[in-house]
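Numbering (the numbering used here), first residue to last: 721 to 924. For every residue, glycine included, the Cβ atom is placed at its ideal position computed from N, Cα and C. Before any comments, here is the structure.
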Amino acid sequence: MSIPRSKLTVLALCCLAVAKAFLIVLVSHARDRYSSRLNSPYNFLGDDYPRLWEIDGLRPIRMFQEDTVHYQMDDPVADIEWDALAPGRGLIYFGEDHAPFTISMFHQLRCVNVIRGELVRRHSEDDFDSTPPYLVQHCLNYIRQVFLCNIDIRLDMVLGPVGYVYPHPYTCRDWNVVYQEVEKNHRMHSEWLSNRERNLTATA
721 MSIPRSKLTV
731 LALCCLAVAK
741 AFLIVLVSHA
751 RDRYSSRLNS
761 PYNFLGDDYP
771 RLWEIDGLRP
781 IRMFQEDTVH
791 YQMDDPVADI
801 EWDALAPGRG
811 LIYFGEDHAP
821 FTISMFHQLR
831 CVNVIRGELV
841 RRHSEDDFDS
851 TPPYLVQHCL
861 NYIRQVFLCN
871 IDIRLDMVLG
881 PVGYVYPHPY
891 TCRDWNVVYQ
901 EVEKNHRMHS
911 EWLSNRERNL
921 TATA
């Protein structure tokens with residue numbers, strides 16, 4: 721039994737209407753999410769800021785613990801490689817006035833680099849008696865507290881007479897996504913600085 725063409729037309733129009741409504745909902749939801757990021761309820765002044773930078777796409781990845789020829793204590797490219805771990809001094813910018821912030825990951829990486837730099841300095845200057853600068857003390861204590869706060873009770877195998885530790889692969893969050901978001905943030909900040917400079921020049 722065939723369905724009359726008029727009923728097929730009505731059915732097709734109904735399907736199109738439902739599909740259109742669904743697309744409108746999806747687009748509206750995406751726009752609202754994007755708008756919520758731009759029009760944050762926080763003004764990022766004083767204590768009025770979120771305690772977590774919300775980033776989409778932090779999918780789990782596996783990381784194998786292994787030695788590397790990079791990130792050495794002291795070689796011609798060590799400073800460049802370590803500095804690159806926290807681009808732009810680890811700063812990101814939020815709010816109407818682009819207030820500077822950092823994330824704990826960058827704080828931790830920069831602290832490791834500070835401690836590395838102090839060890840290199842002491843070795844090169846044959847200085848093993850002076851009191852470490854305050855920043856080094858701060859970083860050492862900060863890293864200690866981070867380890868305690870992010871307690872990791874996975875079992876690592878210890879073998880050999882000197883106690884070599886053989887860690888298993890770690891499941892991590894994709895840090896590349898963080899660097900991509902930082903790059904976007906820096907690009908927006910550079911555009912904001914350029915626009916502000918043009919406005920200042922125009923009103924001068």
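Item, Value
"Residue of 913, 826 and 892 minimising C-alpha distance to residue 780", "892"
"Beta carbon of residue 856 nearer than 8 Å to that of residue 832", "no"
"The region 809-823 contacting the region 864-874, beta-carbon criterion three pairs below 8 Å", "no"
"Secondary structure, beta strand (DSSP E): runs of 3+ residues fully inside the region 844-894", "877-879, 884-886 and 890-893"
"Alpha-carbon to alpha-carbon, residue 836 and residue 799", "10 Å"
"Residue range of the alpha helix (DSSP H) that includes residue 819", "Run containing residue 819: none in the alpha helix (DSSP H); it sits in the beta strand (DSSP E), 819-821."
"Nearest neighbour of residue 788, chosen from 782, 801 and 778 [CA to CA]", "801"
"Simplified DSSP state of residue 783, which is helix, strand or coil", "strand"
"DSSP three-state assignment for residue 839, whether helix, strand or coil", "helix"
"Given 8 Å, three or more beta-carbon pairs between the region 873-883 and the region 843-855", "no"
"Nearest-angstrom Cα separation, counted from residue 902 out to residue 810", "9 Å"
"Contact check, residue 934 vs residue 808, beta carbons under 8 Å", "With the chain running from 721 to 924 in the structure shown, residue 934 is simply not present."
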